[in-house]
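S.K.: Handing you this structure, nothing more for now.
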Amino acid sequence: MTRYIISRVFSSLFVLLVLSVLVFSMVRIIPGDPLAAFADPANPDPAKLDALRTQLGLDQPWITQYFVWLLGVVQGDFGRAITIPGEVSGLIATRLPLSLTLAVMATVIGTALGIPAGVLAATRWRRLPDTVVRGLSFVLLATPPFVLGTVLILVNSLTLRLPLVGYAGAANDPLRAFGVLLLPALLIGIVLAAIIARYTRGTLLDTLGQDFVRTARAKGASPGRLVTRHALRNALIPVTTVIGIELAALVGGTVVIEAVFSLPGMGSLLLTGIRSSDYPIIQATVLLIGVVYVVINFAVDLLYPLIDPRVRVHAR
Amino acid sequence: MTVTRELALAKVAGKRPARRRFGPAFWGGAGILGVILILAGWMSFWPMHDPFAASGTPLGGPSAEHFLGTDNLGRDTFTRLALAARTSLVISGAAALLGAAIGTFFGLIAGYVGGWVDAVIMRVVDAILALPAILVALVVGVVIGNGPWPLILALGLVFAPGFARVMRAPVIALRERDFVLAATLSGVRPHRVIAEHLLPNVLTPLFVQFASVASQVVLIEAALSYLGQGVQAPEPSAGRMISEFTRFMQLQPLLIILPSLVIILLSAGWNLLADGMQDYLAPRREPAFSLGGRSKRRLPRRAKTAASDSSTASAHDTRTEQSRTQQSRTEKRPS
Numbered sequence: 003m004t005r006y007i008i009s010r011v012f013s014s015l016f017v018l019l020v021l022s023v024l025v026f027s028m029v030r031i032i033p034g035d036p037l038a039a040f041a042d043p044a045n046p047d048p049a050k051l052d053a054l055r056t057q058l059g060l061d062q063p064w065i066t067q068y069f070v071w072l073l074g075v076v077q078g079d080f081g082r083a084i085t086i087p088g089e090v091s092g093l094i095a096t097r098l099p100l101s102l103t104l105a106v107m108a109t110v111i112g113t114a115l116g117i118p119a120g121v122l123a124a125t126r127w128r129r130l131p132d133t134v135v136r137g138l139s140f141v142l143l144a145t146p147p148f149v150l151g152t153v154l155i156l157v158n159s160l161t162l163r164l165p166l167v168g169y170a171g172a173a174n175d176p177l178r179a180f181g182v183l184l185l186p187a188l189l190i191g192i193v194l195a196a197i198i199a200r201y202t203r204g205t206l207l208d209t210l211g212q213d214f215v216r217t218a219r220a221k222g223a224s225p226g227r228l229v230t231r232h233a234l235r236n237a238l239i240p241v242t243t244v245i246g247i248e249l250a251a252l253v254g255g256t257v258v259i260e261a262v263f264s265l266p267g268m269g270s271l272l273l274t275g276i277r278s279s280d281y282p283i284i285q286a287t288v289l290l291i292g293v294v295y296v297v298i299n300f301a302v303d304l305l306y307p308l309i310d311p312r313v314r315v316h317a318r
Numbered sequence: 029m030t031v032t033r034e035l036a037l038a039k040v041a042g043k044r045p046a047r048r049r050f051g052p053a054f055w056g057g058a059g060i061l062g063v064i065l066i067l068a069g070w071m072s073f074w075p076m077h078d079p080f081a082a083s084g085t086p087l088g089g090p091s092a093e094h095f096l097g098t099d100n101l102g103r104d105t106f107t108r109l110a111l112a113a114r115t116s117l118v119i120s121g122a123a124a125l126l127g128a129a130i131g132t133f134f135g136l137i138a139g140y141v142g143g144w145v146d147a148v149i150m151r152v153v154d155a156i157l158a159l160p161a162i163l164v165a166l167v168v169g170v171v172i173g174n175g176p177w178p179l180i181l182a183l184g185l186v187f188a189p190g191f192a193r194v195m196r197a198p199v200i201a202l203r204e205r206d207f208v209l210a211a212t213l214s215g216v217r218p219h220r221v222i223a224e225h226l227l228p229n230v231l232t233p234l235f236v237q238f239a240s241v242a243s244q245v246v247l248i249e250a251a252l253s254y255l256g257q258g259v260q261a262p263e264p265s266a267g268r269m270i271s272e273f274t275r276f277m278q279l280q281p282l283l284i285i286l287p288s289l290v291i292i293l294l295s296a297g298w299n300l301l302a303d304g305m306q307d308y309l310a311p312r313r314e315p316a317f318s319l320g321g322r323s324k325r326r327l328p329r330r331a332k333t334a335a336s337d338s339s340t341a342s343a344h345d346t347r348t349e350q351s352r353t354q355q356s357r358t359e360k361r362p363s
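These protein sequence lines are chains A and B, in that order. If you want the numbering used here, it's the position in the first sequence, counting the first as 1, plus 2. If you want the numbering used here, it's the position in the second sequence, counting the first as 1, plus 28.
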């Protein structure tokens with residue numbers, strides 16, 4: 003068990019290292035000068051820009067910049083944003099909670115809807131509930147969330163006029179913040195539910211086709227008990243992995259929904275960074291999103307032996 | 029692989045094996061994509077109206093001349109949508125093809141060579157997969173510019189790691205098989221072993237992954253265009269139409285509904301194709317029982333077919349199932 007954990011830790015650390023190199027070099031290739039915003043186009047002052055460049059460390063060789071940056075990152079210091087005033091870590095601290103809340107809310111909604119739907123479809127294979135669930139999840143999988151979002155906002159503006167847009171921070175008015183996040187989370191959640199339902203249906207069908215299920219049925223276990231006690235425990239193991247991956251991917255993958263609902267999350271911060279080629283912001287957001295992903299995956303890996311005793315035996 | 033199993037099954041039953049056919053999912057997907065391709069090709073060679081110039085009253089409704097109406101500049105919606113669908117179809121196909129080429133190359137090498145080569149390739153794959161596809165596409169898109177070709181390059185690179193992962197798993201299993209060992213031992217060069225012995229045997233998951241990636245590319249392309257980072261004006265794009273025409277939604281709702289439908293149809297078309305191929309190449313075993321309604325009466329018959337099913341299930345069969353779970357594990361990258 004300890005060996006399993008240690009090997010997972012090392013593998014995750016290595017992925018993080020590769021990720022940091024990737025993120026760093028990706029950002030350096032972006033064309034455009036991050037200092038463009040400071041230069042006066044009519045009267046560029048090269049000396050002043052050079053001084054600023056030196057101050058920000060942008061005149062150093064890339065390899066030096068990389069290690070300076072990495073050293074800071076390890077200490078939780080992502081440097082200063084170039085085009086927006088303030089420390090990047092401060093900017094992220096105000097935005098990460100929103101993205102995390104949104105991702106967790108969406109995952110909870112997606113799981114709560116997706117797993118029952120998947121079980122329903124699998125246990126009523128090729129009958130009406132199965133067809134309905136498959137059809138619905140098919141359409142939802144093919145629908146971009148911004149289409150759902152746009153239509154919802156417009157319908158709301160014509161009818162109910164609920165306060166859906168305009169996030170003012172969770173500190174002042176947590177209830178309102180929650181209300182504002184509910185609709186975007188619901189939108190992401192139902193798309194997620196489609197993915198989870200499809201996956202649950204697939205693994206549960208595979209499990210129900212296995213011999214031990216038939217044996218249990220032959221010995222007189224009731225179908226309901228078979229599904230809940232025997233099949234589901236096996237079928238849900240890979241589903242947890244998928245849920246973990248989706249949760250991790252959502253932390254940064256909500257760029258579009260953030261844009262639709264004008265939410266100040268990680269995605270919109272990244273978009274700002276990209277549009278002004280602000281190196282520290284892009285590096286920090288992309289790296290952090292990757293780190294969240296790796297950490298959540300690591301957590302899922304650790305959960306695995308708890309859920310599935312077979313892994314526990316093999317991992318020793 | 030499953031062919032062997034079906035042959036064995038038919039032999040036990042004393043029957044000739046039934047010829048396998050593509051199901052409705054496959055033909056549905058192929059049909060949707062085919063119709064879109066024909067319409068798009070027709071509109072790009074013989075456009076009904078100039079897609080870049082006004083040809084009617086702004087925000088007009090459907091009429092005999094413009095049967096899907098016109099946009100805010102009086103351009104024909106049908107022609108523009110067909111062109112947008114063409115762009116999207118080309119981008120999705122080409123990006124998936126590029127991703128398949130790169131990913132398969134590295135996946136085959138990682139699986140066949142093994143050792144530290146495998147370790148390094150797979151860690152890089154893990155690192156790229158740690159970032160949501162749309163973020164990588166955004167950043168890479170900024171690096172190499174906007175427009176269809178950079179998009180294809182960016183999205184191809186984004187989805188290559190998924191292909192690598194899907195290709196690697198079956199190769200590792202194949203590597204130990206006798207025919208591969210025999211080829212290696214008789215002095216066939218490694219690159220020929222990979223190209224002639226391994227590649228043909230992993231085409232199954234490759235095709236499925238291809239179609240499923242193409243459907244994701246459609247969605248990501250739409251999202252990028254929606255954010256203003258994808259296909260640029262005046263070239264029509266369904267994603268950008270939605271963001272542009274949100275203002276006119278109350279005047280002419282068709283301008284929002286139609287591009288949405290195009291995106292949904294394209295993405296669903298690819299997805300259906302993937303599902304259909306998956307069912308054809310690795311049919312699912314029937315569940316041992318079914319809940320509700322009529323299941324009690326039908327139980328004996330079902331149990332019997334399932335029993336003969338499992339008694340002949342071979343080692344090959346488990347491998348296809350394994351590759352299926354592998355595939356579905358990596359295929360999902362939310363946008």
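C-beta atoms are modelled at their ideal positions from N, C-alpha and C, and glycine is treated no differently. Quick caveat, the model's predicted, so the values are computed rather than measured.
DSSP on residue 85 of chain B, reduced to helix/strand/coil?
M.R.: In the second sequence, the residue the question calls residue 85 of chain B occupies position 57. Residue 85 of chain B: coil per DSSP, three-state reduction.
S.K.: Which value, in whole angstroms, describes the spacing of the CA atoms of residue 306 of chain A and residue 81 of chain A?
M.R.: Residue 306 of chain A sits at position 304 when you count from the first residue of the first sequence. Residue 81 of chain A sits at position 79 when you count from the first residue of the first sequence. Near 37 Å, if we compare the C-alpha coordinates of residue 81 of chain A and residue 306 of chain A.
S.K.: Does residue 339 of chain B pass the burial test, meaning 16 or more other C-beta atoms within 10 Å, or should it be called exposed?
M.R.: Stepping through the second sequence from its first residue, residue 339 of chain B is reached at position 311. At residue 339 of chain B the pLDDT is 39, less than 50, meaning the model places this residue with poor confidence; the figure from the coordinates comes in the next sentence. Exposed, since its Cβ has fewer than 16 Cβ neighbours within 10 Å.
S.K.: Does DSSP classify residue 104 of chain B as helix, strand or coil?
M.R.: What you label residue 104 of chain B is simply residue 76 of the second sequence in a count that begins at 1. The answer is strand: DSSP assigns residue 104 of chain B an E or B state.
S.K.: With 7 Å set as the bound, which would you pick, yes or no: does the beta-carbon of residue 107 of chain A sit closer than that to a beta-carbon of chain B?
M.R.: Walking along the first sequence from the start, residue 107 of chain A turns up at place 105. It does not: the Cβ of residue 107 of chain A has no partner Cβ on chain B nearer than 7 Å.
S.K.: Looking only at its own chain, which residues have a Cβ that is under 6 Å from the Cβ of residue 287 of chain A, when we skip the five neighbours before and after it?
M.R.: Position 285 of the first sequence, counted from the start, is the residue given in the question as residue 287 of chain A. Cβ within range, chain order: 268, 271, 272.
S.K.: In whole angstroms, what separates the C-alpha of residue 4 of chain A from that of residue 17 of chain A?
M.R.: Translated into positions along the first sequence, residue 4 of chain A becomes position 2. Translated into positions along the first sequence, residue 17 of chain A becomes position 15. In a straight line, the C-alpha of residue 4 of chain A is about 20 Å away from that of residue 17 of chain A.
S.K.: Just list the residues that DSSP pairs residue 98 of chain B with in beta bridges.
M.R.: To locate residue 98 of chain B, count along the second sequence from 1; it is residue 70. Per DSSP, the beta-bridge partners of residue 98 of chain B are B:104.
S.K.: Under 7 Å, do residue 253 of chain A and residue 151 of chain A count as touching if we go by C-beta distance?
M.R.: Taking the first sequence and counting its residues from 1, the one referred to as residue 253 of chain A is at position 251. Taking the first sequence and counting its residues from 1, the one referred to as residue 151 of chain A is at position 149. Judged by beta-carbon spacing, residue 151 of chain A lies beyond the 7 Å limit of residue 253 of chain A, meaning their Cβ atoms are not closer than that value.
S.K.: Please report the Cβ distance between residue 283 of chain A and residue 90 of chain A, rounded to the nearest whole angstrom; I am assuming they are in contact, meaning their Cβ atoms lie under 8 Å.
M.R.: Along the first sequence, read from residue 1 onward, the residue named residue 283 of chain A stands at position 281. Along the first sequence, read from residue 1 onward, the residue named residue 90 of chain A stands at position 88. Contact between residue 283 of chain A and residue 90 of chain A holds, since their C-beta atoms are separated by about 6 Å, short of 8 Å.
S.K.: On the CB-based measure, 16 or more other CB atoms within 10 Å of its CB, does residue 73 of chain B come out buried or exposed?
M.R.: In the second sequence, counting from the first residue as 1, residue 73 of chain B sits at position 45. Answer is exposed; the Cβ neighbour count stays below 16.
S.K.: Could you pull the DSSP bridge partners for residue 89 of chain A from this structure?
M.R.: Along the first sequence, one-based indexing puts residue 89 of chain A at 87. By DSSP's assignment, residue 89 of chain A forms a beta bridge with A:82.
S.K.: What distance in whole Å lies between the Cβ atoms of residue 233 of chain A and residue 120 of chain A, which are believed to be in contact at a cut-off of 8 Å?
M.R.: The count along the first sequence starts at 1 and reaches residue 120 of chain A at position 118. The count along the first sequence starts at 1 and reaches residue 233 of chain A at position 231. Actually they are not in contact, since the Cβ atoms of residue 120 of chain A and residue 233 of chain A sit about 12 Å apart, beyond 8 Å.
S.K.: Quick one: using the 10 Å Cβ neighbour count with 16 as the cut-off for buried, is residue 264 of chain B buried or exposed?
M.R.: Here residue 264 of chain B refers to the residue found at position 236 when the second sequence is read from its first residue. Under a 10 Å Cβ-count criterion, residue 264 of chain B is classified as buried, with 16 or more other Cβ atoms of the shown protein chains found around its own Cβ.
S.K.: Is the segment 301-310 of chain B close to the segment 47-60 of chain B, with three or more CB pairs under 8 Å?
M.R.: yes
S.K.: Express the C-alpha separation of residue 241 of chain A and residue 349 of chain B in angstroms, rounding to a whole number.
M.R.: The residue you call residue 349 of chain B lines up with position 321 of the second sequence. The residue you call residue 241 of chain A lines up with position 239 of the first sequence. Caution applies to residue 349 of chain B, whose pLDDT of 40 falls short of 50 and renders its modelled position unreliable; the value that the coordinates give is listed next. Cα to Cα, the separation comes out at about 16 Å.
S.K.: Would you say residue 295 of chain B reaches chain A, if we count a Cβ-Cβ gap shorter than 7 Å as a contact?
M.R.: Within the second sequence, the letter at position 267 stands for residue 295 of chain B. It does; some Cβ of chain A falls within 7 Å.
S.K.: Taking its Cβ as the centre, do 16 or more other Cβ atoms sit within 10 Å of residue 127 of chain A, making it buried, or is it exposed?
M.R.: If you number the first sequence from 1, residue 127 of chain A lands on position 125. With 16 or more other Cβ atoms within 10 Å, it is buried.
S.K.: Using 7 Å as the limit for Cβ to Cβ distance, is residue 300 of chain A near chain B?
M.R.: For the purposes of this step, residue 300 of chain A is taken as the residue at position 298 of the first sequence. Not closer than 7 Å to any Cβ of chain B, the Cβ of residue 300 of chain A fails to qualify, so no.
S.K.: Just to confirm my understanding: we take residue 311 of chain A, look at its own chain, exclude 5 residues before and 5 after, and list those with CB closer than 6 Å. What are they?
M.R.: By one-based count along the first sequence, residue 311 of chain A stands at place 309. Same-chain partners within the cutoff: there are none.
S.K.: Please classify residue 1 of chain B as buried or exposed, where buried requires at least 16 other C-beta atoms within 10 Å of its C-beta.
M.R.: Because chain B here runs from 29 to 363, residue 1 of chain B falls outside it and cannot be looked at.
S.K.: Output, in chain order, the set of chain A residues within a Cβ distance shorter than 9 Å of residue 274 of chain B.
M.R.: Counting from 1 along the second sequence, the entry for residue 274 of chain B is found at position 246. Residues of chain A passing the Cβ test: 152, 155, 156.
S.K.: What residues in the segment 239-270 of chain A bring their beta carbon closer than 9 Å to a beta carbon of chain B?
M.R.: Per Cβ criterion, the list reads 240, 243, 244, 247, 248, 250, 251, 252, 253, 254, 255, 256, 257, 258, 261, 262, 269.
S.K.: Assign residue 157 of chain A to one of two classes, buried (16 or more other C-beta atoms within 10 Å of its C-beta) or exposed (fewer than that).
M.R.: Translated into the one-based positions of the first sequence, residue 157 of chain A becomes position 155. Exposed, by the Cβ-count rule.
S.K.: Please state the DSSP three-state secondary structure of residue 327 of chain B.
M.R.: The residue labelled residue 327 of chain B in the question sits at position 299 within the second sequence. A caution first: residue 327 of chain B carries a pLDDT of 47, below 50, which makes its placement in the model unreliable, though a value can still be read off. Three-state DSSP puts residue 327 of chain B in a helix.
S.K.: Since residue 277 of chain B meets chain A, which of its residues come closer than 7 Å, beta carbon to beta carbon?
M.R.: Counting from 1 along the second sequence, the entry for residue 277 of chain B is found at position 249. Residues of chain A passing the Cβ test: 156.
S.K.: Are the C-beta of residue 265 of chain B and some C-beta of chain A separated by less than 7 Å?
M.R.: For the purposes of this step, residue 265 of chain B is taken as the residue at position 237 of the second sequence. Chain A contact via Cβ: absent.
S.K.: Scan the segment 141-209 of chain B and note each continuous alpha helix (DSSP H) run of 4 residues or more that stays entirely inside, going in chain order.
M.R.: 143-157, 161-172, 176-203
S.K.: CB residue 211 of chain A to CB residue 315 of chain B, shorter than 7 Å?
M.R.: For the purposes of this step, residue 211 of chain A is taken as residue 209 along the first sequence, with counting starting at 1. For the purposes of this step, residue 315 of chain B is taken as residue 287 along the second sequence, with counting starting at 1. In contact: residue 211 of chain A and residue 315 of chain B (Cβ atoms closer than 7 Å).
S.K.: So does the segment 235-247 of chain B actually touch the segment 147-158 of chain B, counting three or more Cβ pairs closer than 8 Å?
M.R.: no
S.K.: Considering just the uninterrupted stretch of the alpha helix (DSSP H) at residue 272 of chain B, what are its terminal residues?
M.R.: Counted from its first residue, the second sequence places residue 272 of chain B at position 244. Segment 266-273, the alpha helix (DSSP H) holding residue 272 of chain B.
S.K.: By the 10 Å Cβ neighbour count, where 16 or more other Cβ atoms means buried, how is residue 208 of chain B classified, buried or exposed?
M.R.: Here residue 208 of chain B refers to the residue found at position 180 when the second sequence is read from its first residue. In summary, residue 208 of chain B is buried, with 16 or more beta-carbon neighbours lying within 10 Å of its beta-carbon over all protein chains present.
S.K.: Name, please, each residue of chain B whose Cβ falls closer than 9 Å to the Cβ of residue 288 of chain A.
M.R.: Locating residue 288 of chain A in the first sequence gives position 286, counting from the first residue. By Cβ distance, chain B contributes 159, 163, 164, 167.
S.K.: Please state whether the Cβ-Cβ distance between residue 180 of chain B and residue 119 of chain B is less than 7 Å.
M.R.: For the purposes of this step, residue 180 of chain B is taken as the residue at position 152 of the second sequence. For the purposes of this step, residue 119 of chain B is taken as the residue at position 91 of the second sequence. Going by C-beta atoms, residue 180 of chain B is nearer than 7 Å to residue 119 of chain B.
S.K.: So, is the C-beta of residue 250 of chain B closer than 7 Å to a C-beta in chain A?
M.R.: Taking the second sequence and counting its residues from 1, one reaches residue 250 of chain B at position 222. Answer yes: the Cβ-Cβ gap between residue 250 of chain B and chain A drops below 7 Å somewhere.
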